[in-house]
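Please read the structure below before turning to the comments.
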Amino acid sequence: MSAPLYAGVDLGGTKILVLITDEHGEVLSEDRVPTHAADGPDGVVARIVDTVRTAGQRASVDLAAVHAGGVSAPGPIDAELGEITQPPNLPGWHNVPLARLLHEQLGIPFVLENDANCGCVGEHLFGAGKGYRSLIFLTVSTGIGGGIIVDNRLYVGASGAAGELGHLIVSRTGPVCGAGHVGCLEAFASGTAIAARAEAAIAQGRLPRTARLAEHNPPLTAETVYLAAQQGEEEAYGIIQEAGSYLGLGLASMVNAFNPEAIVLGGGLTNMGETLLGPAVDTARKRSFAQSFSDVRIVEGELGERAAALGAVAVARQRHAEAAETDSATREVPSGR
Ligand SMILES: [Zn+2]
-13 MSAPLYAGVD LGGTKILVLI TDEHGEVLSE DRVPTHAADG PDGVVARIVD TVRTAGQRAS
47 VDLAAVHAGG VSAPGPIDAE LGEITQPPNL PGWHNVPLAR LLHEQLGIPF VLENDANCGC
107 VGEHLFGAGK GYRSLIFLTV STGIGGGIIV DNRLYVGASG AAGELGHLIV SRTGPVCGAG
167 HVGCLEAFAS GTAIAARAEA AIAQGRLPRT ARLAEHNPPL TAETVYLAAQ QGEEEAYGII
227 QEAGSYLGLG LASMVNAFNP EAIVLGGGLT NMGETLLGPA VDTARKRSFA QSFSDVRIVE
287 GELGERAAAL GAVAVARQRH AEAAETDSAT REVPSGR
């Protein structure tokens, strides 16, 4: 039998990225196209199918040789059913059985998992989390997502919704997160939160440099605030550091609750380096149990833009192996007696 190949699909609100990989996550080819989410499910599913075919051709791979595929999609999803439930950034998608549709059209069995869990499994199997039995993955970008690996397995919880680490409560009061809760980590430390803090300061006539940069290159984002901070705007620097210290409160809770071997930090905001992560790690050290903190390695993710698609491959590989195990276990059960 030839070495198994996999297809990984990262379905995002703006782009679709497809990878064909070997079983070690080595990328043989990739292709990306815009999602055009407004076309609705039919158009987008057709585009995913085309993109997988193109990626297959680029790698000179017959799709019949692809063992399994995985799709990383924005939540909420039903991983068990392989259905996209009703994601906010894919308008018109209600209970779309994406895994089944792709299986029918490509002849490859597909699994579906949410993007943060894919990022987590990807870093665990192929990236910065390789070799750790227990780890927490945290992705910090416009929102904050996460995933939890316990004893080498993704922890999914009672209904598949575990790992919402952006919604750890770090304050009794404060701003409201994307899901409508008060005091969530995401409402203090995400890119959206940093931009909102800056907007409020600008409205009061402060942050002149950030304001000027945003005027030249709208919209105002966390990256704008970071750029102003790099150019010497003290208050912009302070806003990012404060977000970092809230991030640290979240990290401290994770360290105390899970005593993980590693925390892998991904997402665009990690590009801010020490400015954000310095206060985060400092706060985490001060606010967690000393032994647990000394046991944990806090590292940056290695998979970058491909994290979700490689994670989808990792999830597909894992489920494929489990299914094969179950199959052989079923066959090994002695019949009656
Ligand atoms: Zn929340």
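My numbering numbers the first residue of the sequence shown as -13 and each following residue consecutively. Each residue gets a CB set at the ideal place from its N, CA and C atoms; glycine is no exception.
* Tell me, please, which residues DSSP counts as bridged to ARG390. => Residue 390 lies beyond the residue range present for the chain, which begins at -13 and ends at 323; the question has no answer from this structure.
| Whose C-alpha, out of VAL13, ILE34, GLU12, is nearest the C-alpha of VAL19? | ILE34
message: Among VAL241, GLY152, ALA248, whose alpha-carbon lies nearest the alpha-carbon of PHE174?
response: GLY152
Nonlocal neighbours in the same chain, by C-beta distance under 8 angstroms from LEU87, ignoring five residues either side:
Counting only residues of its own chain and dropping the five nearest sequence neighbours on each side, LEU87 has a CB closer than 8 angstroms to the CB of VAL31.
Which residue spans inside the segment 225 to 270 form an unbroken alpha helix (DSSP H) run of at least 4? none
With DSSP as the reference, label TYR(-8) as helix, strand or coil. strand
Q: Reducing DSSP to helix, strand and coil, say where GLY105 ends up.
A: Correct three-state label for GLY105: helix.
From ARG305, PRO62, LEU237, pick the residue whose C-alpha is nearest to that of PRO73; which is it? PRO62
When every heavy atom of ligand 1 is checked, does at least one fall within less than 7 angstroms of the C-beta of ALA340? No statement about residue 340 is possible, as the shown extent of the chain runs from -13 to 323 and does not include it.
| Identity of the residue in ILE122, ILE130, ALA147 nearest ASP137 by Cα | It is ILE122.
Given the structure, does ALA238 come close to ligand 1, in the sense that its CB is under 7 angstroms from one of the ligand's heavy atoms? no
Using CA coordinates, which residue listed in GLU172, GLY149, GLU150 is at the minimum distance from GLY160? Closest option to GLY160, Cα to Cα, is GLU172.
(request) Note down, in chain order, each residue of its chain lying with its Cβ closer than 6 angstroms to the Cβ of ALA187, except the 5 sequence neighbours on either side. (result) LEU193
* Asked: Which residues in the same chain as GLU221 place their Cβ atom closer than 7 angstroms to its Cβ, once the five residues preceding and following it in sequence are excluded?
  -> Excluding sequence neighbours, GLU221 sits near ALA187, ARG192, LEU193.
Note down the Cα distance separating LYS116 from CYS106, rounded to an integer number of angstroms.
If you draw a straight line from the Cα of LYS116 to the Cα of CYS106, it is about 11 angstroms long.
Backbone secondary structure at GLY42 - three-state DSSP | helix
### Message
Starting from ILE130, trace the beta strand (DSSP E) in both directions and tell me its first and last residue.
### Response
130 to 136
- Query: Can you give the beta carbon distance from PRO27 to GLY78, rounded, assuming they're within the 8 angstroms contact cut?
  - Reply: 7 angstroms
Any chance the CB of ALA45 is under 7 angstroms from a heavy atom of ligand 1?
-> no
Taking 8 angstroms as the cut-off, decide whether the C-beta atoms of ALA50 and SER(-12) are in contact.
no
Taking Cβ to Cβ, would you say GLY149 is nearer than 8 angstroms to ILE134?
yes
Review point. Can you tell which of GLY259, PRO265, GLU247 has its C-alpha closest to the C-alpha of GLN227?
Key: PRO265
*Beta-carbon separation of ALA41 and LEU98 under 8 angstroms?*
no
Measuring only from the beta carbon, is ALA165 closer than 7 angstroms to any heavy atom that is part of ligand 1? yes
If you reduce the DSSP assignment to three classes, tell me which class ALA54 lands in. strand
Please tell me whether CYS104 and ALA307 are closer than 8 angstroms, where the distance is taken between their beta carbons.
no
Notebook entry, point to check: Considering only the beta carbon of each residue, do LEU(-3) and ASP8 sit closer than 8 angstroms?
Noted result: no
Can you tell me whether VAL82 is buried or exposed? The criterion is at least 16 other CB atoms within 10 Å of its CB, across all chains shown.
Buried, because 16 or more other Cβ atoms sit within 10 Å of the Cβ of VAL82.
DSSP has VAL13 in a bridge; who is on the other side? As computed with DSSP, VAL13 is found in a beta bridge with THR7.
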